[in-house]
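Visitor:
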Ligand SMILES: Nc1ncnc2c1ncn2[C@@H]1O[C@H](COP(=O)(O)OP(=O)(O)O)[C@@H](O)[C@H]1O
Ligand SMILES: [Mg+2]
């Protein structure tokens, strides 16, 4: 499913209010009954509401669902995309939408432009998307989930990623600049670089390798483990070294060495604290991903063993940086949210890029279904226990520097 920005232009303000009504109703209704939509959208008179509903359904921003007791509608990913994009535009974070440059299992990556013309990245989290085209256990699991869990969890993933990116950036890590977060999306600076995965040759593998290991240790010093540290999530910037320029003409071989490679780390929804029960496993996995990749791709094997989790712990204890795991928690992405997100990701099989690598030889998947599970037979309960949406709204507001929050967009 792709971001479709075209439909946006044709919506009336009535359509928009009804869409917001469906969103609000989705918080505790799997299927939002039409009278509730009318009520939540604050529109008087039935015909306007019905016309808007029909417009929104035609453009796939909402979808009709029948269940045993009544007919109603649910918000689609397209509808949620629209609401988020609209908020970013209102806040002047995004002016126009360009090409989609990445389709991950759990996200879409789109180039957008700011009013000044400068390009940015819009990352749209799509947690739960994969589960609807995979195994039955996921279906069964999701059938019993609370309303809109895909929507809620994708939003938690965006909040988490934004909070960590911000904390890392402020503490000198090489990560994109986080610009804004709204619903299931974040806007960040565009890094003009390719993932390590696409770099055929590096002049000095040993140098890059040790820089990456230093990065893993530095993260640990701040109390963090990336959790998906691999060739897909490390962008490699080529920085020209001017002083070497003169030699270029004389020696074509040396040309490549006139660039310094600067790794930029991305993709943070699976970040864990160094105190996590499985911290050692995540740490070792990050280290081993890089080891394996350098060996396979660049035939480089380091003389130095490790680093081990014990090494990381030592650095952490002896020379602690600020604890960013604690800071992020305090900034609004609570421990409970982290736990909810982690459990959900585990249960729907959201395993980051590691899974992608395992599947890389498989054929392309056919078009995915809508992430919220469009089969009406899946909808069993209509009244859902209210989630802690108020808490999340509050936290969204507290995430320091957040330019757009859920509630301000209502
Ligand atoms: N800020 C950015 N600048 C440039 N490219 C990016 C940026 N963020 C993501 N990308 C590209 O999109 C891909 C997927 O992004 P990522 O955040 O890793 O999403 P996913 O969770 O789907 O793996 C990256 O491998 C990279 O090629
Ligand atoms: Mg990634």
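In this note's numbering, the protein residues as written are 1333 to 1742.
Each residue gets a CB set at the ideal place from its N, CA and C atoms; glycine is no exception.
The model shown is predicted, which means the values in this text are computed figures rather than measured ones.
Consult DSSP for residue 1717 and reduce its assignment to one of helix, strand or coil.
Guide: Note that residue 1717 scores 37 on pLDDT, short of 50, meaning its location in the model is unreliable; the coordinates nonetheless yield the value given after this. Under the three-state reduction of DSSP output, residue 1717 falls in the coil class, being neither helix nor strand.
Visitor: Provide the residue(s) that pair with residue 1442 in DSSP beta bridges, ordered along the chain.
Guide: 1432 and 1454
Visitor: According to DSSP, residue 1569 sits in a beta bridge with which residue or residues?
Guide: 1594
Visitor: Using 8 Å as the threshold, is the C-beta distance between residue 1644 and residue 1615 below it?
Guide: Cβ distance < 8 Å, so residue 1644 and residue 1615 count as in contact.
Visitor: Please classify residue 1675 as buried or exposed, where buried requires at least 16 other C-beta atoms within 10 Å of its C-beta.
Guide: exposed
Visitor: Kindly list the residues whose CB is nearer than 6 Å to the CB of residue 1434, restricted to its own chain and excluding five residues on each side of it in sequence; keep chain order.
Guide: 1441
Visitor: The alpha helix (DSSP H) spanning residue 1541 covers which residue range?
Guide: DSSP places residue 1541 inside the alpha helix (DSSP H), whose first and last residues are 1537-1553.
Visitor: Rounded to whole angstroms, what's the CA-CA distance from residue 1672 to residue 1516? Just pull it up for me.
Guide: 15 Å
Visitor: Pull up the CB-CB distance for residue 1510 and residue 1598, whole angstroms please, since I reckon it's below 8 Å.
Guide: Not quite, the Cβ-Cβ distance comes to about 11 Å (not below 8 Å), so this is no contact.
Visitor: Could you check how far apart the C-beta atoms of residue 1381 and residue 1373 are, in whole angstroms? I think they sit under 8 Å.
Guide: Here residue 1381 really is in contact with residue 1373; their C-beta atoms are around 6 Å apart, less than 8 Å.
Visitor: Does the beta carbon of residue 1564 fall short of 7 Å from some heavy atom of ligand 2?
Guide: Yes; taking the cut-off as 7 Å, the Cβ of residue 1564 has a heavy atom of ligand 2 nearer than that.
Visitor: Under the criterion of a Cβ to heavy atom distance below 7 Å, does residue 1436 qualify as lining ligand 1?
Guide: yes
Visitor: Regarding residue 1683 and ligand 2, is the C-beta to nearest heavy atom distance less than 7 Å?
Guide: no
Visitor: Could you tell me if the beta carbon of residue 1524 falls within a distance shorter than 7 Å of some heavy atom in ligand 2?
Guide: For ligand 2, not one heavy atom lies less than 7 Å from the Cβ of residue 1524.
Visitor: If you pair each beta-carbon of the segment 1602-1622 with each one of the segment 1557-1570, do three or more pairs fall below 8 Å?
Guide: Per the Cβ contact rule, the segment 1602-1622 is in contact with the segment 1557-1570 (3 or more Cβ pairs under 8 Å).
Visitor: Taking all protein chains shown into account, do 16 or more other C-beta atoms lie within 10 angstroms of the C-beta of residue 1651, making it buried, or fewer, making it exposed?
Guide: exposed
Visitor: Using the rule of at least 16 other Cβ atoms within 10 Å of the residue's Cβ for burial, across every protein chain shown, is residue 1656 buried or exposed?
Guide: buried
Visitor: Spatial neighbours of residue 1647 within its chain, please: CB distance less than 7 Å, with the 5 preceding and 5 following residues excluded, ordered by chain position.
Guide: 1549, 1552 and 1553
Visitor: Just the C-alpha distance for residue 1568 and residue 1403, rounded to the nearest angstrom, thanks.
Guide: 51 Å
Visitor: Quick check: the Cα distance between residue 1547 and residue 1395, rounded to an integer number of angstroms?
Guide: 45 Å
Visitor: If distances are taken between C-alpha atoms only, which option among 1612, 1662 and 1345 comes closest to residue 1642?
Guide: 1612
Visitor: For residue 1532, which of helix, strand or coil comes out of DSSP?
Guide: coil
Visitor: Check whether the segment 1487-1499 touches the segment 1530-1537, counting contact only when three or more Cβ pairs, one atom from each stretch, lie closer than 8 Å.
Guide: No: fewer than three Cβ pairs fall under 8 Å.
Visitor: Within 7 Å: the Cβ of residue 1574 and any heavy atom of ligand 1?
Guide: no
Visitor: Thinking C-beta only, is residue 1368 closer than 8 Å to residue 1483?
Guide: no
Visitor: What separation, rounded to the nearest whole angstrom, lies between the Cα atoms of residue 1654 and residue 1504?
Guide: 12 Å
Visitor: In the DSSP output, which residue or residues are listed as bridge partners for residue 1418?
Guide: In the DSSP output, where bridge partners are listed per residue, residue 1418 has none listed.
Visitor: By alpha-carbon positions, which one of 1492, 1450, 1449 and 1456 ends up nearest to residue 1668?
Guide: Taking only the C-alpha atoms, the option nearest residue 1668 is 1492.
Visitor: Helix, strand or coil: which one does DSSP assign to residue 1520?
Guide: strand
Visitor: State the CB to CB distance for the pair residue 1393 and residue 1346, rounded to an integer number of angstroms; the pair is presumed to be in contact (CB under 8 Å).
Guide: Wrong, their Cβ atoms sit about 13 Å apart, outside the cutoff.
Visitor: Helix, strand or coil: which one does DSSP assign to residue 1342?
Guide: helix
Visitor: Whole angstroms is fine: what's the gap from residue 1439's alpha carbon to residue 1513's?
Guide: 14 Å
Visitor: Looking only at DSSP bridge pairs, what is residue 1406 linked to?
Guide: 1395
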